[in-house]
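One structure is given below, encoded as structure tokens.
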Ligand code: GLU
């Protein structure tokens, strides 16, 4: 629906995030300016036909959505999952716009994905899917245009195939994608960066609010790249990881897991299932365990109005993107449970992606200490800004994060466009 001159009306947009509107109200943005900030710049939906290993033809849907590029080239991951669709990709693309703005890296927000189930596909099939996808979106991406990265079910190997396929058309361009293996221009520390950022933010919150991670009980939902590294680093910091879940099993150990052994088991078995000396519990009860820090690190939308009342954690650290629904967010706030929002908590990944891009552009490798130091400086700076703003304005950490991010993006839009 539109008005008499055919303008987009803000109420018609299907991704009018509650958080965005709350922050935009606070900042007094007009409806037209909201439409400008919510509408994606460019979207592409492509058909990806590939031959499966058994000779059958299979056709998949692929998406790349560039949300806002006022602050720099578009940036954001590629997700391979059966639930990927246009609306999910658009919502995640806008999240990237706010995330890059909040941490202050000079990039915009994008996201992409393919609706597929990589758990039931061979490596050869995933490679063909990736190369075919790149051949369809190559005009839209590029080192100064749009830089994909890993997200759910994509990994450094997939990024290497993207670089290779893009390079066949445009010439060697490692900066077209981040999260690559170190051997082909990836950054040291990128693989564990999201988990490290989660741990750094959790520890900083604990220090500031008198809830130290030393001896704190931590529960992690999802033991993929993000959840496993967050657990490993938090245990190194002195926390006790008492509950862990993945798609196949949910495990409880009140004395704390040996996360190194659990990680090793997960790599060898491709699951935490079967890990010895712990209790297997119902998946739903994981989020309801009594603990100091609950870390959802898997799918979105897992904390809802149906389970928000049962959560006993003191703090939720959103390692996943959008794990908490809006209704749950409000219910948790009423109950005094603090939520450290995704755009802050999981920003370590895109931050080190930016460092990788910088290294590729300069053709100069940083050592691991430098990567980790710069990550710590960047994410703890954003953490302090969010905490200060929340305390000053008496708003939740999520609203404070959105206020800061929206202001950054709005300033860039105004300076560049004159609107
Ligand atoms: N997919 C990650 C995220 O949601 C990383 C994105 C990137 O490194 O560009 O933040």
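In the working numbering, the protein residues as written are 1 to 419. Glycine is no exception: its CB is placed at the ideal position from the N, C-alpha and C atoms.
- For the alpha helix (DSSP H) assignment, the uninterrupted runs of no fewer than 4 residues enclosed by the segment 214–284 are, from N- to C-terminal side, 225–236, 259–269.
- In the DSSP assignment, residue 46 forms a beta bridge with 62.
- Rounded to whole angstroms, residue 196 and residue 311 show a C-alpha spacing of 24 Å.
- With a threshold of 16 other beta carbon atoms within 10 Å, residue 79 meets it and is buried.
- Under DSSP, residue 324 takes part in a beta bridge, and its partners are 303.
- A distance of 8 Å or more separates the beta carbons of residue 129 and residue 111.
- DSSP places residue 115 in the strand class (E or B) of the three-state scheme.
- Excluding five sequence positions before and after residue 368, the CB atoms of its chain that fall closer than 6 Å to its own CB belong to 188, 189, given in chain order.
- Counting along the chain, residue 149 sits inside the beta strand (DSSP E) bounded by residues 146–150.
- Three or more Cβ pairs drawn from the segment 82–89 and the segment 52–69 lie within less than 8 Å of each other, which places the two stretches in contact.
- The beta carbon of residue 237 lies closer than 8 Å to those of 199, 203, 213, 214 in the same chain, with the five residues before and after it left out.
- Only residues of its own chain outside the window of five on either side were considered, and among them 244, 246, 266, 272 have a CB closer than 6 Å to the CB of residue 223, listed in chain order.
- Residue 132 sits buried, since 16 or more C-beta atoms from the chains shown fall within 10 Å of its C-beta.
- When beta bridges are read from the DSSP output, residue 110 appears opposite 66.
- For the pair residue 179 and residue 5, the Cα-to-Cα distance works out to about 44 Å.
- Taking non-hydrogen atoms of the ligand GLU into account, the C-beta of residue 76 is found less than 7 Å away from one of them.
- Cβ-Cβ distances below 6 Å link residue 402 to 19, 23 in the same chain, with the five nearest sequence neighbours on each side left out; the list follows chain order.
- Annotation: the continuous alpha helix (DSSP H) that includes residue 381 extends over 368–393.
- For the 8 Å CB-CB criterion, residue 147 and residue 351 do not form a contact.
- Note on geometry: alpha-carbon atoms of residue 172 and residue 277 lie some 49 Å from one another.
- For residue 77, the enclosing beta strand (DSSP E) covers residues 74–80.
- Residue 347 is a Cβ neighbour of residue 103, given a cutoff of 8 Å.
- Taking the Cβ of residue 350 as the reference point, at least one heavy atom of the ligand GLU falls within a distance shorter than 7 Å.
- Residue environment: residue 250 is assigned as buried (16 or more neighbouring CB atoms within 10 Å of its CB, all protein chains considered).
- Between the segment 359–368 and the segment 333–347, the count of C-beta pairs closer than 8 Å stays below three; the two stretches do not touch.
- Less than 8 Å separates the beta-carbon of residue 211 from that of residue 315.
- Taking the Cβ of residue 99 as the reference point, at least one heavy atom of the ligand GLU falls within a distance shorter than 7 Å.
- Non-local beta-carbon contacts of residue 379 in its own chain, meaning distances under 7 Å to residues more than five positions away in sequence, involve 103, 197, 200, 201, 347, 348, 351 in chain order.
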